[in-house]
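Scroll down for the structure; my scribbles are underneath it.
Number of protein chains: 2
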Amino acid sequence: MKASQFFISTLKEAPAEAEIISHQLMMRAGLIKRIGSGIYSYMPIGLRSVRKVEQIVREEMNKAGAMELLMPAVQPAELWQESGRWEQYGPELLRLKDRHNRDFVVGPTHEEVITDLIRRDVKSYKQLPVNMYQIQTKFRDEIRPRFGVMRGREFIMKDAYSFDKDVDGMKASYDKMFNAYTAIFKRLGLNFRAVAADNGSIGGDGSHEFHVIAETGEDDIVYNPNSDYAANIEAAEAVALIAERAAPTQTLTKTHTPSKGKCEDVAEFLGVPLDKNVKSIVLAVDIENQEDDSATQIFLVLLRADHTLNEIKVSKLAGLSNYRMATEAEIATAFNTTPGYIGPVATAQKVTIIADKTVANMSDFICGANEVDYHHVGVNWGRDLPEPDLIADVRNVVAGDPAPDGNGTVGICRGIEVGHVFQLGTKYSEAMKATFLGENGKPQPFVMGCYGIGITRILGAAIEQNFDAKGILWPQSIAPFEVVICPVGADKSEVVREEADKLYHSLIQAGVDVIIDDRGERPGVMFADWELIGVPHRLTIGDRGLKEGLVEYQNRRDTEATKVPVLEIHAHVLAQMSVA
Amino acid sequence: MKASQFFISTLKEAPAEAEIISHQLMMRAGLIKRIGSGIYSYMPIGLRSVRKVEQIVREEMNKAGAMELLMPAVQPAELWQESGRWEQYGPELLRLKDRHNRDFVVGPTHEEVITDLIRRDVKSYKQLPVNMYQIQTKFRDEIRPRFGVMRGREFIMKDAYSFDKDVDGMKASYDKMFNAYTAIFKRLGLNFRAVAADNGSIGGDGSHEFHVIAETGEDDIVYNPNSDYAANIEAAEAVALIAERAAPTQTLTKTHTPSKGKCEDVAEFLGVPLDKNVKSIVLAVDIENQEDDSATQIFLVLLRADHTLNEIKVSKLAGLSNYRMATEAEIATAFNTTPGYIGPVATAQKVTIIADKTVANMSDFICGANEVDYHHVGVNWGRDLPEPDLIADVRNVVAGDPAPDGNGTVGICRGIEVGHVFQLGTKYSEAMKATFLGENGKPQPFVMGCYGIGITRILGAAIEQNFDAKGILWPQSIAPFEVVICPVGADKSEVVREEADKLYHSLIQAGVDVIIDDRGERPGVMFADWELIGVPHRLTIGDRGLKEGLVEYQNRRDTEATKVPVLEIHAHVLAQMSVA
Numbered sequence: 001m002k003a004s005q006f007f008i009s010t011l012k013e014a015p016a017e018a019e020i021i022s023h024q025l026m027m028r029a030g031l032i033k034r035i036g037s038g039i040y041s042y043m044p045i046g047l048r049s050v051r052k053v054e055q056i057v058r059e060e061m062n063k064a065g066a067m068e069l070l071m072p073a074v075q076p077a078e079l080w081q082e083s084g085r086w087e088q089y090g091p092e093l094l095r096l097k098d099r100h101n102r103d104f105v106v107g108p109t110h111e112e113v114i115t116d117l118i119r120r121d122v123k124s125y126k127q128l129p130v131n132m133y134q135i136q137t138k139f140r141d142e143i144r145p146r147f148g149v150m151r152g153r154e155f156i157m158k159d160a161y162s163f164d165k166d167v168d169g170m171k172a173s174y175d176k177m178f179n180a181y182t183a184i185f186k187r188l189g190l191n192f193r194a195v196a197a198d199n200g201s202i203g204g205d206g207s208h209e210f211h212v213i214a215e216t217g218e219d220d221i222v223y224n225p226n227s228d229y230a231a232n233i234e235a236a237e238a239v240a241l242i243a244e245r246a247a248p249t250q251t252l253t254k255t256h257t258p259s260k261g262k263c264e265d266v267a268e269f270l271g272v273p274l275d276k277n278v279k280s281i282v283l284a285v286d287i288e289n290q291e292d293d294s295a296t297q298i299f300l301v302l303l304r305a306d307h308t309l310n311e312i313k314v315s316k317l318a319g320l321s322n323y324r325m326a327t328e329a330e331i332a333t334a335f336n337t338t339p340g341y342i343g344p345v346a347t348a349q350k351v352t353i354i355a356d357k358t359v360a361n362m363s364d365f366i367c368g369a370n371e372v373d374y375h376h377v378g379v380n381w382g383r384d385l386p387e388p389d390l391i392a393d394v395r396n397v398v399a400g401d402p403a404p405d406g407n408g409t410v411g412i413c414r415g416i417e418v419g420h421v422f423q424l425g426t427k428y429s430e431a432m433k434a435t436f437l438g439e440n441g442k443p444q445p446f447v448m449g450c451y452g453i454g455i456t457r458i459l460g461a462a463i464e465q466n467f468d469a470k471g472i473l474w475p476q477s478i479a480p481f482e483v484v485i486c487p488v489g490a491d492k493s494e495v496v497r498e499e500a501d502k503l504y505h506s507l508i509q510a511g512v513d514v515i516i517d518d519r520g521e522r523p524g525v526m527f528a529d530w531e532l533i534g535v536p537h538r539l540t541i542g543d544r545g546l547k548e549g550l551v552e553y554q555n556r557r558d559t560e561a562t563k564v565p566v567l568e569i570h571a572h573v574l575a576q577m578s579v580a
Numbered sequence: 001m002k003a004s005q006f007f008i009s010t011l012k013e014a015p016a017e018a019e020i021i022s023h024q025l026m027m028r029a030g031l032i033k034r035i036g037s038g039i040y041s042y043m044p045i046g047l048r049s050v051r052k053v054e055q056i057v058r059e060e061m062n063k064a065g066a067m068e069l070l071m072p073a074v075q076p077a078e079l080w081q082e083s084g085r086w087e088q089y090g091p092e093l094l095r096l097k098d099r100h101n102r103d104f105v106v107g108p109t110h111e112e113v114i115t116d117l118i119r120r121d122v123k124s125y126k127q128l129p130v131n132m133y134q135i136q137t138k139f140r141d142e143i144r145p146r147f148g149v150m151r152g153r154e155f156i157m158k159d160a161y162s163f164d165k166d167v168d169g170m171k172a173s174y175d176k177m178f179n180a181y182t183a184i185f186k187r188l189g190l191n192f193r194a195v196a197a198d199n200g201s202i203g204g205d206g207s208h209e210f211h212v213i214a215e216t217g218e219d220d221i222v223y224n225p226n227s228d229y230a231a232n233i234e235a236a237e238a239v240a241l242i243a244e245r246a247a248p249t250q251t252l253t254k255t256h257t258p259s260k261g262k263c264e265d266v267a268e269f270l271g272v273p274l275d276k277n278v279k280s281i282v283l284a285v286d287i288e289n290q291e292d293d294s295a296t297q298i299f300l301v302l303l304r305a306d307h308t309l310n311e312i313k314v315s316k317l318a319g320l321s322n323y324r325m326a327t328e329a330e331i332a333t334a335f336n337t338t339p340g341y342i343g344p345v346a347t348a349q350k351v352t353i354i355a356d357k358t359v360a361n362m363s364d365f366i367c368g369a370n371e372v373d374y375h376h377v378g379v380n381w382g383r384d385l386p387e388p389d390l391i392a393d394v395r396n397v398v399a400g401d402p403a404p405d406g407n408g409t410v411g412i413c414r415g416i417e418v419g420h421v422f423q424l425g426t427k428y429s430e431a432m433k434a435t436f437l438g439e440n441g442k443p444q445p446f447v448m449g450c451y452g453i454g455i456t457r458i459l460g461a462a463i464e465q466n467f468d469a470k471g472i473l474w475p476q477s478i479a480p481f482e483v484v485i486c487p488v489g490a491d492k493s494e495v496v497r498e499e500a501d502k503l504y505h506s507l508i509q510a511g512v513d514v515i516i517d518d519r520g521e522r523p524g525v526m527f528a529d530w531e532l533i534g535v536p537h538r539l540t541i542g543d544r545g546l547k548e549g550l551v552e553y554q555n556r557r558d559t560e561a562t563k564v565p566v567l568e569i570h571a572h573v574l575a576q577m578s579v580a
């Protein structure tokens, strides 16, 4: 490849709209150009990295026995009506009408299309399992597209779908995909974690997200530095921090806490640690009821004061899937007080008390007294109030919590989701009446899994994890070029041209993806461009060095260049590449 | 590749909607599945052929110095408003609104996006020429999608755009693309012709279509079997069939031709050849005129009776771009007669007479006498009526016409358009104010070319040209697999399994794209499937043959199989492949 053929247009400054480093660097390096909000063109250099990611994904998917197909981007609405998502999916679904006024969508995902294909062609359990994938442009009409390719509207995704005859089969297909994803992200050269994720109604090990670890990530990941355990904070189990409830040592005392409506203020005022306090959160669930259509059930959730509520966990408790925060009026009725002084002792009205696992084992704790400016001190379960109606994990994990796998304590890091494997079960096959004849001769719904990788998002995530002040630090496997040769003063020196050309061809012969900068730019411009673009290995060939028989090698991650004898440079580059 | 991993689902009958052979065979072979009107999924086997076409196109484009990029499928309407096509483009343009009610299109083509990209980044003539291409899914909302991938709504296209500083540069870029296309269609193994096409206002050699020759083609192509000359009938030059006008030999005679309103009837009635007759066609052009807004100009076009009008050629004559057929009332006013008896001699009103080149050189001809049931016989230009106001080529070429390149006569065949190269000039750069600084330091519009190949359409066209009663006859370069191995009775015979496996691996080692049919189907089913799918080379390994040390080789285009010694079969297949 010759730089003069490429469309190299780097910028000193990123456009103001680029808020995060990957967006800034991709714009500055000229990898992408903005066409509209959340819509980009991939320029020749950027597309090279996209294609390398695609190829690694494709090879590992094929190796895992998945078959590549290509489904349409524009899909008939009928399929979405069948699955129910035509109604359920929000405005992210780009809907449109064709010239005959028929409804279509620009596909954000393809569960409906693949389920339709499989139900038409797979008639018997003997044809199962089937796993099909595609690499395709999708559209999701984000309300606020930003961060470049990290949250664009149009993006490239690899989406795979497995069809099995039973749950065991689905789990085997899932494991294959889990392993393929692990192989993919290793080959991509990224620091990543497979993270147990919330997966709606299926439970168990039914869903993992693959996260690239980066400080700028949007998701909190709970991980065990001593094991493979990792989970999205939404799904990570928070264990009880107190193993067993201690016997009461204090008497219940209603204490004046004037204007101390926050746990932190109460703790300071009373001179006790924050973790002796219990926080009260009041939730409401509106119950549809034929006789009385305005019935509302009130729940009091109790957390230790230094913990925070995990809304996903709460919503999975029986009867709480549609919970909302209670209004001040509802609180006044149920507790006869105002927020800040609510507590579980002697409520004005019967409420359901849900204690977090840690709170359930607390003794001599402090909580609101259901009277303005008063708290109870020395509260004890069983003595001062009945045992909780429900004990459950309803809080977010914090760093230092014991690991759920029993192996030390967890840390929390931030990650960027780039892949997701998901046990779908029969959600789509039942809705769309997609069945096969089982071994018993009876029709059964396919048991499905789905598996996504954000191809273009990986570019952004890789950069968030790999950059410095000068630009991108591509992992070698997805760099637009592996090696760049910068001839200095080639216009004036025949020998520089010759040596550069010789090296260029010898590296091509060796199968290296090499580009030579034949634009005739000054060294400073060449170096700055290639450092910004992030090519992992650079060779500088100039008259001065050649007089001593030397060429400069610089690894993009090193601060200094190394002088290498001309005769050894070819081998030196290959050696550097093999350890990258 | 193993057949059991693939999703092989062939059909005995094509669905009723499949009207043409390529559509029928692609459906029967399971290469595509219909998702909606003009919208298909490419199944694993079909996608393999798509990818092979793409790869050949990509390699030749790269070789020609074009750079691959990827532009968005969903494009902001603003760009189309700038170019004027938001208004000009009909309902084929799939328009839509996003959640913020902004207008977008699903791109049928990308002139606007690429012109926008280039105007932002290319500032100087020094950066030119630039040629960029993409391989991408497009959407064109055809009013009546049909013929499978031949006229679908969603399809894959390779579109390239060149930007030059001047017309000479554009022509050089165009020639490069013309040559690249020639190389592409040769490598695809298709019988094709580069055909001079009508190209609107640019004229000259500004546009060529690449046609796959097939009887089922929609376009008539005029070609010279003795040279490279070929042109779409819309654009093919029709020369004068009479080199020089002969002197009159007959006197003008008004002749009674009762109820003979057609040239054929007149010729038969008078006992003269049809080519002594002249056909009159009356056209009208409405002229906008500030004083009299209903002015209409009447044109009388004269063709030899055995010729047909070429509407494209007529519309390019000065003042005729908006012509229409004259009404009977207009004919009555201008000629004082009814259709069937119109002629150029003594018209009732002044009309502009356009004679086709051949008619202009006729003498002693026959035409309508502007009186019902009467024709003139022995008409001669200059003597019986003034010379024509305009002599022009306004007819369609017919087979046997002299070739415009002077080398023998032309034939007419039918073709399927699969590629188009086009000199755009400054149409888009001027509309979108896309300029660069020229050598004179002044802003100048880019001079553009555009170059399209219908990737998915090529599959259909290749089949229209290559099929038999059993199925598809893929050219080897784009067959989903090059070789299929069919082991017969593998379930019962260890030696069959071993030999098949050995051959399979030896061919893979040799770089052959081979599939082994491990489905355990009967020979008849295997053969029928692979003949339908169209794999070019088949090897059959069975116990009976192996006892004699023989394996069967069958070329998909041969009627008989050949028995080949086991030891020679590897070399035999490679030899057969090298001549394919």
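Each protein sequence line maps, in turn, to chains A and B. FYI, the numbering for the first sequence is 1 to 580, going by full-length UniProt numbering. FYI, the numbering for the second sequence is 1 to 580, going by full-length UniProt numbering. Quick reminder that beta carbons are idealized off the backbone N, C-alpha and C, glycines included. This structure is a prediction, so every number in the text was calculated from the model and none was measured.
Residue i (DSSP reduced to helix, strand or coil)
i: M71/B; result: coil
i: W80/A; result: helix
i: N396/B; result: coil
i: M177/B; result: helix
i: W86/B; result: helix
i: I202/B; result: For I202/B, the pLDDT reaches just 41, beneath the cut-off of 50, and the residue's location in the model is therefore unreliable, leaving the point undetermined.
i: Q423/A; result: strand
i: G549/A; result: coil
i: N62/A; result: helix
Chain-ordered chain A contacts of residue i [CB-CB under 8 Å]
i: S41/B; result: L69, L70, M71, P72, V113 and L117
Partners in chain B for residue i, counting only beta-carbon separations shorter than 7 Å
i: Q24/A; result: Near Q24/A there are no residues of chain B at all, since even the closest Cβ is about 18 Å away, more than 7 Å.
i: T137/A; result: A73 and T137
CB of residue i within 9 Å of CB of residue j, strictly
i: I342/A; j: V266/A; result: no
i: residue 582/A; j: M157/A; result: The requested residue 582/A is not part of the displayed model; chain A covers only 1 to 580.
i: P72/A; j: I39/B; result: yes
i: V167/A; j: V447/A; result: yes
Neighbour list for residue i in chain B, Cβ cutoff strictly below 8 Å
i: P91/A; result: R99
Under 7 Å by beta carbon: chain A residues contacting residue i
i: G36/B; result: P76
Span of the beta strand (DSSP E) around residue i
i: H208/A; result: S207 to I213
i: E371/B; result: F365 to E371
Assumed close pair residue i, residue j - CB separation to whole angstroms, cut-off 8 Å
i: T540/B; j: V573/B; result: Between V573/B and T540/B the Cβ distance is about 12 Å, and since that is not below 8 Å, they are no contact.
i: T10/A; j: D401/A; result: Wrong, their Cβ atoms sit about 46 Å apart, outside the cutoff.
Range of the contiguous alpha helix (DSSP H) that encloses residue i
i: P523/B; result: P523 to I533
i: V359/A; result: K357 to A360
i: L117/A; result: E111 to D121
Neighbour list for residue i in chain B, Cβ cutoff strictly below 9 Å
i: G65/A; result: Q5
Partners in chain A for residue i, counting only beta-carbon separations shorter than 9 Å
i: I143/B; result: R99 and H100
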